[in-house]
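This report concerns only the one structure given below.
2 protein chains.
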Amino acid sequence: MDFSIQHEKIAQAVAILAEKNIDCWMTFVRETSHNADPALPLVVPFNLTWHSAVIITKSGYKVAIAGRYEVTNFERMGGWDEIVSYDQSIQPKLVEVLDRLAPKQIAINYSESDTAADGLSHGMYLTLQRYLAGKPYELISAEAILNPLRGRKTAGEIARIRAAVALTDSIIERITAYLKPGLTEKQIADFIHAEYKKEGVIPSWDAGYCPTVTCGAESPVGHVAPSDEYVARAGQTVRVDQGVVLNEYISDIQRVWYLQPAGETSIPAPVQHAFDSVRAAIMAAADLLVPGVQGYVVDDAARATIVAAGYPEYQHAVGHGIGRTVHDGATLLGPRWERYGNTPFGVVEAGGCYTLELGVQVPGYGLVSLEENVLVTDSGVEWLGHVQTEIMVVPA
Amino acid sequence: MDFSIQHEKIAQAVAILAEKNIDCWMTFVRETSHNADPALPLVVPFNLTWHSAVIITKSGYKVAIAGRYEVTNFERMGGWDEIVSYDQSIQPKLVEVLDRLAPKQIAINYSESDTAADGLSHGMYLTLQRYLAGKPYELISAEAILNPLRGRKTAGEIARIRAAVALTDSIIERITAYLKPGLTEKQIADFIHAEYKKEGVIPSWDAGYCPTVTCGAESPVGHVAPSDEYVARAGQTVRVDQGVVLNEYISDIQRVWYLQPAGETSIPAPVQHAFDSVRAAIMAAADLLVPGVQGYVVDDAARATIVAAGYPEYQHAVGHGIGRTVHDGATLLGPRWERYGNTPFGVVEAGGCYTLELGVQVPGYGLVSLEENVLVTDSGVEWLGHVQTEIMVVPA
């Protein structure tokens with residue numbers, strides 16, 4: 001088992017605790033195989049069964065408290081100052097450790113805004129309140145820790161995301177070679193799944209709709225399972241939204257093709273205009289994507305560009321964090337809508353990895369939609385893989 | 397996509413709401429691909445991204461409220477009386493639907509005791525409180541619904557568990573043919589993973605320690621990754637704990653082998669005594685496993701049997717529910733320890749599927765441990781697959 005990413009992230013967590021001046025961060029979990037806390041894999045790469053606490057302090061002290069059958073995994077992982085084992089109840093040892101560390105605040109994983117910081121279940125929250133009743137510790141949201149911890153990708157994480165993007169770029173080339181009129185959305189999805197299988201990878205999100213394949217103007221847009229109802233046709237577009245999990249890190253890329261009928265020599269004006277407008281909106285977002293900018297400002301720029309080009313607003317964020325998952329938390333490049341909570345108000349930081357994505361429907365032709373994966377550096381955007389600068393034409 | 401299990405479980409949920417006289421059950425989730433609620437797959441077989449609510453009432457009315465890109469999946473699934481779509485905030489539509497249904501109580505997915513009923517995150521709980529501020533609805537734990545809903549397996553669920561157990565039985569036969577002295581735990585685990593791959597299945601829990609392989613007396617016991625440090629040796633035991641996910645349902649079985657040195661004609665007395673005692677303890681539990689018994693009573697019987705035979709108590713429950721996951725919630729066949737909360741106090745119901753498992757260390761020989769998978773019927777236990785009644789001997 002490779003623990004390198006977790007060791008990098010734990011070191012980063014200690015630095016962030018110091019930076020934010022928070023004494024202590026505790027991840028409190030149980031049965032994580034079906035009640036996963038998205039923060040846990042950042043610091044512990046295996047599941048935990050009984051009540052377990054992973055405690056990291058501002059001064060760099062690291063304690064794991066877990067059931068007896070899980071202690072060996074922590075020992076093999078290494079890097080823990082203390083590994084505490086229990087059999088019947090975690091409470092006495094948890095209280096003993098916390099009393100000894102005596103933190104003023106304990107940051108725990110809940111957040112109304114940021115799902116990636118909201119892994120603590122309500123039942124576990126009630127348990128913690130019961131365990132710590134009468135204790136002086138202030139329980140606060142770990143949002144301020146988890147947001148930068150997930151957002152600032154380490155060297156190891158960036159290398160893994162690059163590898164996932166590179167593999168996806170290669171699969172896109174194979175799709176281009178495969179595409180032809182008459183294929184159903186389901187057939188195209190099956191082809192892509194077969195390529196994933198050859199490469200030994202799984203889709204970035206539910207296999208049922210990763211890839212999402214959209215053939216022509218009638219196919220519904222969204223997180224929809226590809227069906228045999230819609231077929232790639234000459235004179236229409238094909239859009240594929242997909243990504244792979246490689247070494248636990250993901251890619252998330254959209255590409256668009258045009259199936260050009262024999263005799264047609266240029267791309268129809270409405271399709272070309274849509275592509276140019278989508279591309280311009282993505283570039284408007286990319287131009288503003290530098291450390292320090294607030295997420296919604298980046299979204300606003302793309303949104304204004306696509307609306308100015310005569311299209312309706314997209315009903316999502318122009319960009320979301322990518323990393324261990326396709327919606328990886330941290331600052332969202334999204335509009336100031338209620339359902340996004342505070343996430344669009346956060347600032348972008350160097351080391352952040354994002355998608356930039358939007359699309360428009362072209363009546364009679366189909367969806368024209370793009371999604372690129374980028375890294376934010378001190379000097380701006382670095383594209384993590386190939387970039388689609390022209391519509392891909394397949395002779396039909 | 398196959399929705400048959402979810403339609404079975406939704407019908408069952410309506411019946412349970414009537415039985416428990418609870419007006420309404422709501423599963424309230426977002427970004428379920430990394431913040432999963434274990435209750436969701438019982439009723440909705442795809443992930444949901446934005447805030448989503450799945451509401452089922454005692455009178456059998458079923459409403460799904462979800463972001464616009466996920467509505468098509470609900471439509472394809474069918475069976476919903478209402479599918480409500482939104483773009484910017486779920487709040488207005490959620491409140492409109494609840495006001496119209498006017499339930500006295502709304503059961504939501506939190507529980508200190510039962511992880512399988514504790515999928516609501518604390519952040520989402522706070523959001524719900526904010527959305528429903530000033531409303532007359534009483535928010536209660538859905539434990540009383542989810543416990544029987546997970547516990548009482550439908551015909552479709554039992555058929556799937558049987559299939560997973562049958563495949564595991566077949567893999568156990570292949571392990572018997574493969575075992576020989578000199579193999580490391582890691583080699584044995586790799587062999588099993590290769591068989592899973594051939595069959596197109598994944599392990600029931602983390603691939604890193606499913607299977608768990610324990611060779612000889614020195615190997616640590618627990619949820620531990622197999623390593624090259626410990627080796628199968630003549631005159632020692634090999635224990636494998638494993639299971640597969642087949643059609644989303646799992647098996648979880650332990651088997652034990654003895655590597656018999658040339659010239660040895662019977663199993664050493666300490667190993668045989670351990671096996672007979674473990675088997676007797678499992679049978680003591682099985683004999684009591686009928687509808688209406690409390691979980692801890694079943695555990696007590698096995699525990700008393702193994703202690704009377706001169707061995708230490710096992711530090712876990714003698715049985716846990718199996719189904720969609722290896723620790724599937726519902727009544728636990730476990731001791732009345734703090735970390736198990738109320739779960740050992742629940743009653744066993746017909747249709748419950750459980751493991752029966754325990755083991756003992758035999759100094760100088762290794763671990764002797766068994767785990768069987770059973771279905772509770774009105775007349776008692778039905779074994780879901782082969783049962784290990786004798787130690788398996790491999791010539792060494």
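Heads up: the sequence lines are chains L and Z, in that order.
Residue 127 in the numbering used here sits at position 127 of the first sequence; the count goes up by one each step and never skips.
Position in the second sequence (first residue = 1) + 396 = the numbering used here.
No residue lacks a Cβ here, since even glycine has one placed at the ideal position from N, Cα and C.
Would you tell me roughly how many angstroms separate the C-alpha atoms of residue i and residue j, rounded to the nearest one?
| i | j | result |
| --- | --- | --- |
| ASP702 (chain Z) | LYS549 (chain Z) | According to the sequence provided, residue 702 (chain Z) is Ile. The question's Asp does not apply to it. One C-alpha to the other measures close to 30 Å. |
| VAL617 (chain Z) | THR610 (chain Z) | 7 Å |
| VAL298 (chain L) | GLY151 (chain L) | 16 Å |
| PRO344 (chain L) | GLY295 (chain L) | 5 Å |
| GLU581 (chain Z) | THR633 (chain Z) | 12 Å |
| MET473 (chain Z) | PHE399 (chain Z) | 6 Å |
| GLU382 (chain L) | ARG570 (chain Z) | 51 Å |
| HIS447 (chain Z) | SER121 (chain L) | 16 Å |
| LEU288 (chain L) | LEU333 (chain L) | 11 Å |
| VAL201 (chain L) | GLY596 (chain Z) | 14 Å |
| TYR230 (chain L) | GLY208 (chain L) | 16 Å |
| SER266 (chain L) | GLY352 (chain L) | 38 Å |
| GLN650 (chain Z) | ILE172 (chain L) | 44 Å |
| TYR311 (chain L) | ALA317 (chain L) | 16 Å |
| VAL764 (chain Z) | ILE787 (chain Z) | 9 Å |
| ILE90 (chain L) | ASN247 (chain L) | 32 Å |
| TYR592 (chain Z) | ALA792 (chain Z) | 26 Å |
Please go through the same chain and pick out, in chain order, the residues whose beta-carbon is closer than 8 Å to the beta-carbon of residue i, but skip the five residues on each side of it.
| i | result |
| --- | --- |
| CYS210 (chain L) | PRO203, SER204, ASP241, GLN242 and GLY243 |
| ALA746 (chain Z) | ARG548, PRO687, VAL772, THR773 and ASP774 |
| ALA166 (chain L) | GLY385 |
| VAL491 (chain Z) | TYR527, LEU528 and LYS531 |
| PRO366 (chain Z) | Because residue 366 (chain Z) is not part of the residues shown, which for chain Z are 397 to 792, the question remains open. |
Less than 6 Å between C-beta atoms, sequence neighbours within five positions excluded: which residues of the same chain meet that for residue i?
| i | result |
| --- | --- |
| PHE442 (chain Z) | ASN469 |
| ASP169 (chain L) | GLY385 and HIS386 |
| GLY631 (chain Z) | PRO657 |
| ALA409 (chain Z) | ILE452 and LEU545 |
| GLY119 (chain L) | ASP37, PRO38, ALA39 and ASN109 |
| HIS7 (chain L) | GLY79 |
In the DSSP assignment, the beta strand (DSSP E) including residue i goes from what residue to what residue?
| i | result |
| --- | --- |
| GLY359 (chain L) | 353 to 362 |
| GLN501 (chain Z) | 501 to 504 |
| GLN254 (chain L) | 253 to 260 |
| LEU367 (chain L) | 366 to 377 |
| LEU642 (chain Z) | 640 to 642 |
| TRP777 (chain Z) | Here the sequence assigns Val to residue 777 (chain Z), which means Trp is not the residue at that position. Note, VAL777 (chain Z): beta strand (DSSP E), 776 to 779. |
| VAL221 (chain L) | Element bounds for VAL221 (chain L): n/a, residue is neither H nor E. |
| GLU625 (chain Z) | Element bounds for GLU625 (chain Z): n/a, residue is neither H nor E. |
| PRO740 (chain Z) | Per DSSP, PRO740 (chain Z) belongs to no beta strand (DSSP E) and is neither H nor E. |
| PRO136 (chain L) | Looking at the DSSP string, PRO136 (chain L) is not in any beta strand (DSSP E), and its letter there is neither H nor E. |
| GLU82 (chain L) | 82 to 86 |
| CYS608 (chain Z) | Checking the sequence shown, residue 608 (chain Z) turns out to be Thr, not Cys. Its beta strand (DSSP E) spans residues 608 to 611. |
How far does the alpha helix (DSSP H) with residue i in it extend, from its first residue to its last?
| i | result |
| --- | --- |
| GLY547 (chain Z) | 539 to 547 |
| GLN236 (chain L) | Run containing GLN236 (chain L): none; DSSP gives neither H nor E here. |
| GLY123 (chain L) | 122 to 131 |
| GLN402 (chain Z) | 400 to 416 |
| LEU729 (chain Z) | From DSSP, LEU729 (chain Z) is part of no alpha helix (DSSP H); its letter is neither H nor E. |
| PRO92 (chain L) | 91 to 101 |
By Cβ distance, which residues of its chain are closer than 7 Å to residue i, with the 5 residues on each side in sequence left out?
| i | result |
| --- | --- |
| TYR645 (chain Z) | GLU553, ARG556, ILE557, ALA560, GLY719 and ARG720 |
| ASN342 (chain L) | SER113 |
| ILE406 (chain Z) | VAL439, ILE452, LYS458 and GLY475 |
| ASP228 (chain L) | THR184 and LYS186 |
| GLY715 (chain Z) | ALA681, VAL694, LEU729, TYR750, THR751, LEU752 and GLU753 |
Any heavy atom of the ligand GDP closer than 7 Å to the Cβ of residue i?
| i | result |
| --- | --- |
| ASP602 (chain Z) | This structure does not include the ligand GDP; it has no bound ligands of any sort. |
Counting Cβ pairs, one atom from each stretch, are 3 or more of them under 8 Å apart for the segment 372 to 383 of chain L and the segment 515 to 528 of chain Z? no
Taking three-plus beta-carbon pairs below 8 Å as touching, is the segment 61 to 71 of chain L in contact with the segment 82 to 94 of chain L? yes
Beta strand (DSSP E) segments (min. 3 residues) lying fully within the segment 164 to 201 of chain L: none
Looking at C-beta atoms only, is the number of pairs between the segment 527 to 537 of chain Z and the segment 144 to 151 of chain L that lie closer than 8 Å three or more? Result no; under three Cβ-Cβ pairs closer than 8 Å.
Completely contained alpha helix (DSSP H) runs for the segment 270 to 324 of chain L, where each covers 4 or more residues: 295 to 308
Counting beta carbon pairs with one atom in the segment 360 to 368 of chain L and one in the segment 511 to 520 of chain Z, are three or more of them shorter than 8 Å? no
What alpha helix (DSSP H) runs, 4 residues minimum, are completely inside the segment 32 to 73 of chain L? Fully enclosed alpha helix (DSSP H) runs of no fewer than 4 residues occupy 40 to 43 of the segment 32 to 73 of chain L, in order along the chain.
Counting Cβ pairs, one atom from each stretch, are 3 or more of them under 8 Å apart for the segment 23 to 37 of chain L and the segment 720 to 731 of chain Z? yes
Would the segment 662 to 675 of chain Z and the segment 588 to 596 of chain Z be scored as touching if the rule is three or more Cβ pairs under 8 Å? no
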